[in-house]
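**Q** The structure's right below; bear with me while I get my questions together.
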Amino acid sequence: MFLGSSRRAYGFYGDVVVFDTTFNTNRYDLTFAPMLGVNNHGQTIVLACAFLSKETTESFVWMFEEFKKAMPGGEPKTIITDQDAAMAIAISIAFPTTFHRLCIWHITSKFSVKLPRDAYKEYWREF
């Protein structure tokens with residue numbers, strides 16, 4: 375039942391997929407990896423998900439390949455992720471025609487860590 379509604383939703387709203395993972399948030403030390411979309415009401419919808427034992431390129435490639443098998447139309451047009459290197463490599467392997475974009479929230483949340491305090495304030499005003 376869940377697969378059917380996810381496949382249908384992907385057919386309508388699968389142009390842009392958001393993919394992010396959790397880390398050490400459950401007692402089994404598994405990474406929760408949801409693939410999400412947004413419907414025409416602006417609501418987040420779950421298109422697919424997996425529990426991964428490792429966040430490696432191989433694990434992500436496996437998940438993305440299974441996703442392509444399950445969903446009509448194969449790979450998404452665009453995928454938005456954080457800056458994980460293994461994930462980026464896996465996307466280029468499994469979704470070669472998909473545009474990979476980085477999440478602006480993840481980028482801006484690191485400003486204060488990566489930029490000196492004075493430079494950050496000036497940069498943020500310009501941004």
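Following the numbering used here, the numbering of the sequence shown begins with 375 at its first residue and continues without gaps.
No residue lacks a Cβ here, since even glycine has one placed at the ideal position from N, Cα and C.
Out of Phe386, Leu377 and Ile453, which has the shortest C-alpha to C-alpha gap to histidine 415?
**A** What you label residue 415 is simply residue 41 of the sequence shown in a count that begins at 1. Nearest C-alpha to histidine 415 among Phe386, Leu377 and Ile453: Phe386.
**Q** Given a threshold of 16 other Cβ atoms within 10 Å of its Cβ, counted over all protein chains shown, does valine 391 qualify as buried or as exposed?
**A** In the sequence shown, the residue the question calls residue 391 occupies position 17. When all chains shown are included, valine 391 counts as buried.
**Q** Look up isoleucine 467 in the DSSP assignment and give the residues it is bridged to.
**A** For this step, residue 467 is matched to residue 93 along the sequence shown. DSSP, once it has assigned bridges, lists no residue as partnering isoleucine 467.
**Q** Give the range of the beta strand (DSSP E) segment to which threonine 472 is assigned.
**A** Position 98 of the sequence shown, counted from the first residue, corresponds to residue 472. Taken as a continuous stretch (DSSP letters only), threonine 472 belongs to no beta strand (DSSP E), as it is neither H nor E.
**Q** To test your reading of the DSSP string, which unbroken beta strand (DSSP E) runs of 3 or more residues are found completely within the region 378–458?
**A** 390–393, 405–412, 418–426 and 452–455
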